[in-house]
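One structure below.
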Amino acid sequence: MPEDDLPETLHVTSAEQLRAVSNLTRHRIMAMLRFEPATITQIAERVGLAKGSSSYHVRLLERAGLVKVVRTRKVRGVTERYYAIAARSIVLPEPGEGQPDVLMRNAVADLEAASADSERHVRMAHLRLTEEQYEELGARLEELADEYRQLSDPSLPDASLVFALFRPAPRNQGGSDAE
4 MPEDDLPETL HVTSAEQLRA VSNLTRHRIM AMLRFEPATI TQIAERVGLA KGSSSYHVRL
64 LERAGLVKVV RTRKVRGVTE RYYAIAARSI VLPEPGEGQP DVLMRNAVAD LEAASADSER
124 HVRMAHLRLT EEQYEELGAR LEELADEYRQ LSDPSLPDAS LVFALFRPAP RNQGGSDAE
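Going by my numbering, the letters in the sequence shown line up with residues 4 to 182, in that order.
Next up, the structure:
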């Protein structure tokens, strides 16, 4: 599917869309469809689902407008549908204070499910930055992610990049960290 046919961005705004994308299985289906269209059977094989489960999850994503049918073909009298992600970028709403971050939860679940034998690059760094440095780092991380997204080749193995640059909630300055 030519990428030119996709809208640049789809903003998740409805409760139905948020419920659809919050599920880890549907998150994995969307990640797979980001690179190439696939049938229900292909999705089931690649994500490790039963065909019926694959169909159920894809129907929910389609109903929410997050995936769409991009082509069909007749195979032995049956119409085979190829699904693809609905936009180049799916933007989730910011979680409210104290609310779960769906994207980070799904990313951590994918990281935990990854083969222990595979190479991983995981690092956490605590920084103290000026507002200007903070904004610059955020922009550089986004540019780097965009640069490597352009290099993505559907024929190569999957790799996921997740980053979170945020200012943590203020700590209780009067108490001890050991409590």
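Glycine included, every Cβ here is placed at the ideal spot set by N, Cα and C. Remember, predicted model here, so these are calculated numbers, not experimental data.
From the options, residue whose alpha carbon lies closest to that of residue i
i	options	result
Thr44	Phe38, Ala34, Gly55	Gly55
Leu144	Phe166, Val125, Ser158	Phe166
Asn109	Glu48, Ser163, Glu19, Lys77	Ser163
Leu168	Arg174, Tyr137, Pro157	Tyr137
Arg74	Arg84, Val94, Ala67	Arg84
His30	Glu134, Arg152, Val105, Gly80	Val105
Ala90	Pro40, Ala23, Val70, Arg22	Val70
Asp8	Val72, Lys77, Ser58, Glu65	Val72
Ala34	Asp161, Arg174, Pro173, Arg123	Asp161
Ser25	Gly80, Pro157, Met107, Ser58	Met107
Close beta carbons around residue i, own chain, < 8 Å, minus the five adjacent residues each side
i	result
Thr28	Val50, Leu52, Ser56, His60
Pro10	Ala89, Ala90, Arg91
Gln20	Ala67, Gly68, Leu69
Ser17	Ala67
Residue environment, residue i, which counts as buried when at least 16 other CB atoms sit within 10 Å
i	result
Tyr86	buried
Ala47	buried
Arg126	exposed
Ala41	buried
Leu36	buried
Residue j beta carbon less than 9 Å from that of residue i
i	j	result
Ile93	Leu13	yes
Ser3	Phe38	Residue 3 lies beyond the stretch modelled for the chain, which goes from 4 to 182, so this question has no answer here.
Leu114	Leu130	no
Leu95	Val15	yes
Residues near residue i by beta carbon distance below 6 Å, same chain, minus five either side
i	result
Leu63	Ala23
Close Cβ partners of residue i (< 7 Å) along its chain, the five nearest in sequence each way excluded
i	result
Val183	There is simply no residue 183 to check, as the chain begins at 4 and stops at 182 in what is shown.
Thr82	Thr75
Pro171	none
Arg174	none
Which runs of the alpha helix (DSSP H) at least 4 residues long sit entirely within the segment 76 to 158? Give them in chain order.
105 to 116, 134 to 154
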